[in-house]
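Protein chains in written order, with my numbering: chain C, 102 to 563; chain X, 2 to 99.
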C-alpha cells in the first residue's frame, strides 16, 4: 500500500461491485446508483491527488464541458431515446479509452506486455467508437435500419480486421514503428463501421450489449497498460455485463454470436415472404373494447412498434380502467422486444405501470392457455408461431410468447406488411385472431374512449 | 509473481464476479443496468486525468487526454443521472405516484 490514493481506489472498486450487486432488485437499485457515484468520486479525487498530476486547468475545463453536455442529456432526453443514448455513451467511453491508449503510445512507446495491452485497448476502443456511432445512426434512423449487404461482405470485413490485427502485432513486435500506428487506428475505425453495416434493427439489442462489452474490455486493457487495478476491475465488470446481456439476447433469438454479426438477418427471406392474400378478420375499437371489457384476464404483448407510436401512456389508461373493473391485466415481455435489453420495461415503467405487472417470457408462457385476450401491440416476430412450427423459417427455434394459445388474439398493426424480418406471421390468419388496423397510440386511445363509454352506460343503467 | 501476473489474476476474478453478479440482475432492470455499467466503465477518466495532468505531456497527448476527460465526464454524469431517473420510475403496485 504505497499511498493514500490506492486506498481510495480499493474503496471505489468495492463501491462499483456493490452498485452492480444492488441492481438485482428495483428495491435496492437506487442505493446502488448512489454507492456507484461515491465510488466514482473517490476514484477521481484519488487520481487528482496523485503526484503525477501537476496540471489542473485542462482537467477542470474538461470536467466543466463534460458536465455541461452530460447534465442536459440526462434530464432532457426522452425515455424512448434510451437506446440511442446508450449507443452514444458506448461511443464516448470507447473513444476515451482509444485516445488514452494513443496518447500513452506516443508518450512512452512502451514494449512487451504493456504494448500488447495498449494495442488491444486502442483496437477495441476505436472499433467500438465507430460501431456505436453507426448503431446510433441506425437507431436514430439517420441511416437505413435495414441490413445493408453485398457480396463478399464477410470477407471484406474479416480482411480489414485481419490487417488491423497484423498491424497491431507488428506494433507489439516493434513499437518504434510509429508510422504504423495511424494505419492501425484507421483500420480499427473502418472495421467498426463495416461491422454494423449489415446489422438490422431487430439485432440491435444483441449488438448494443456486445458493444457494451467491448467498451468495458477496452477500459480493462487500459488498466493493464497503466498498471491500474481499479480500471481492470471496473472494465471487467462492464465487459462481463455486456457479454452476459448479449448471450441472453442471442439465446432469446436462438442464434449464435457469429450468426448475429455475420448472418445479416432479414435479407435471406424477403423472397420467401408469401404474397398470397389470405383472409384476416379485423375489428373496430368498439368491438375490441367490448371483448376486453368481457375478459377476465388480458395479457398485453408490447414490441418496438409500441415505442415508435409512444402508446405506453394510453396503454396505462387502458390498464387502469380494466384493472378497476376486475380484469387481470399483465404485460408479457420478450427479452429481445425493442431495441435494447429491457427496453420495454423502462417505457412501461415510465408510463407508471407497476413493475410487478411486467412478466418475463418463461413465467407467462404457461398462462396463455388460460388467458382470455392476448393483445399484441407493435410486436411481430416474438409472437410468430413459425418459430416453433416451421423448421425452414429464418426465426426457427426462437423462443416466442405463446399468444396463439390465448382464447382471443388481438393485434394492433398499421397494415398487413410483414414485420422487420419480412416473415409472414400465421398468427394473423388464425380464426381467433382479430386485426386492429391503425396507429397503436390512437387505436388504444379509441379503445379507452369506448371502455369509458361502456362504463358510463353501465353506471347510468345501474 | 510479477505485476502482470497479479493484473491477470485481478481481471480473471473480477470477470467471474461480474458474471455472478449480473446473472442475478432481473431482466426488468437490464436497461438501467447497462446505463450503470456504462457510467462505471467511464472510470477511464482516471487514465485520462493522468495523461492530461502529466508534467511531461506534449500538446498532442494533452489534447487527446483532454478529449478523453470530456468524453468520460459526459458518461459519468449522464450515466448516473439517467440510471437514477429510470430507476425512479420503477414502482410496485400500490406504491404512490411521485
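C-beta atoms are modelled at their ideal positions from N, C-alpha and C, and glycine is treated no differently.
query: What's the gap between the Cα of residue 234 of chain C and the Cα of residue 35 of chain X?
result: 17 Å
task: Could you tell me whether any Cβ in chain C is nearer than 8 Å to the Cβ of residue 90 of chain X?
output: yes
query: Helix, strand or coil for residue 227 of chain C per DSSP?
result: helix
task: Output the distance between the C-alpha atoms of residue 70 of chain X and residue 53 of chain X, rounded to the nearest integer angstrom.
output: 8 Å
query: Which residues in chain X sit within 9 Å of residue 444 of chain C, going by Cβ to Cβ distance?
result: 31, 32
message: Short of 7 Å in beta carbon distance, which residues of its chain neighbour residue 201 of chain C, apart from the five on each side in sequence? Order them along the chain.
response: 323
message: On the CB-based measure, 16 or more other CB atoms within 10 Å of its CB, does residue 77 of chain X come out buried or exposed?
response: buried
message: Residues of chain X with CB closer than 7 Å to the CB of residue 337 of chain C, please, in chain order.
response: 12, 15, 16, 19
message: In the DSSP assignment, the beta strand (DSSP E) including residue 537 of chain C goes from what residue to what residue?
response: 534-538
task: Kindly list the residues whose CB is nearer than 8 Å to the CB of residue 123 of chain C, restricted to its own chain and excluding five residues on each side of it in sequence; keep chain order.
output: 129, 130, 132, 133, 136
query: Taking all protein chains shown into account, do 16 or more other C-beta atoms lie within 10 angstroms of the C-beta of residue 395 of chain C, making it buried, or fewer, making it exposed?
result: exposed
- prompt: Who are the Cβ neighbours of residue 542 of chain C in its own chain at under 7 Å, not counting the five residues just before and after it?
  reply: 410, 411, 412, 415
message: Given this structure, state the Cα-to-Cα distance separating residue 169 of chain C from residue 179 of chain C, to the nearest angstrom.
response: 18 Å
field: Inter-stretch contact (C-beta, 8 Å, three-pair minimum) for the segment 240-251 of chain C and the segment 345-355 of chain C
entry: no
Helix, strand or coil at residue 494 of chain C [DSSP, three-state]: coil
- prompt: Quick one: is residue 60 of chain X near chain C, going by C-beta distance under 8 Å?
  reply: no
- prompt: What is the DSSP secondary structure of residue 531 of chain C, reduced to helix, strand or coil?
  reply: coil
field: Nearest neighbour of residue 260 of chain C, chosen from C:117, C:296, C:482 [CA to CA]
entry: C:296
message: Mapping the DSSP letters down to three states, classify residue 510 of chain C as helix, strand or coil.
response: strand
- request: Please check the pair residue 333 of chain C and residue 20 of chain X, which I expect to be a contact at CB under 8 Å, by giving their CB distance rounded to whole angstroms.
  value: At roughly 15 Å, the Cβ-Cβ gap does not stay under 8 Å, so residue 333 of chain C and residue 20 of chain X are not in contact.
message: My output table needs one value for residue 402 of chain C: the three-state DSSP class, helix, strand or coil.
response: strand
query: Can you name the start and end residues of the alpha helix (DSSP H) that residue 11 of chain X belongs to?
result: 4-24
query: Is the shortest distance between the beta-carbon of residue 35 of chain X and the beta-carbons of chain C less than 8 Å?
result: yes
query: Out of C:461, C:510, C:528, C:271, which has the shortest C-alpha to C-alpha gap to residue 486 of chain C?
result: C:528
message: One question on the structure: do residue 8 of chain X and residue 193 of chain C come within less than 8 Å of each other, judged by their Cβ atoms?
response: no
task: Quick one: grab the DSSP three-state call for residue 277 of chain C.
output: coil
task: Put residue 432 of chain C into one of helix, strand or coil per three-state DSSP.
output: strand
message: So the candidates are C:489, C:461, C:422, C:535; which of them puts its Cα closest to the Cα of residue 553 of chain C?
response: C:422
- request: Keeping to the same chain, check which residues put their C-beta closer than 6 Å to that of residue 430 of chain C; ignore five residues upstream and five downstream.
  value: 399, 420, 423, 424
- prompt: Can you tell me whether DSSP reads residue 155 of chain C as helix, strand or coil?
  reply: coil
query: Comparing alpha-carbon positions, which option in C:513, C:247, C:360 lies nearest residue 390 of chain C?
result: C:513
- prompt: Expressed to the nearest angstrom, what Euclidean distance is found between the alpha-carbon atoms of residue 347 of chain C and residue 307 of chain C?
  reply: 5 Å
message: To the nearest angstrom, how far is the alpha carbon of residue 39 of chain X from that of residue 231 of chain C?
response: 17 Å
First through last residue of the alpha helix (DSSP H) which encompasses residue 199 of chain C: 183-209
- prompt: Does the count of Cβ pairs from the segment 172-191 of chain C and the segment 80-94 of chain X closer than 8 Å reach three?
  reply: yes
- request: Say whether chain C places a C-beta atom closer than 8 Å to the C-beta of residue 2 of chain X.
  value: no
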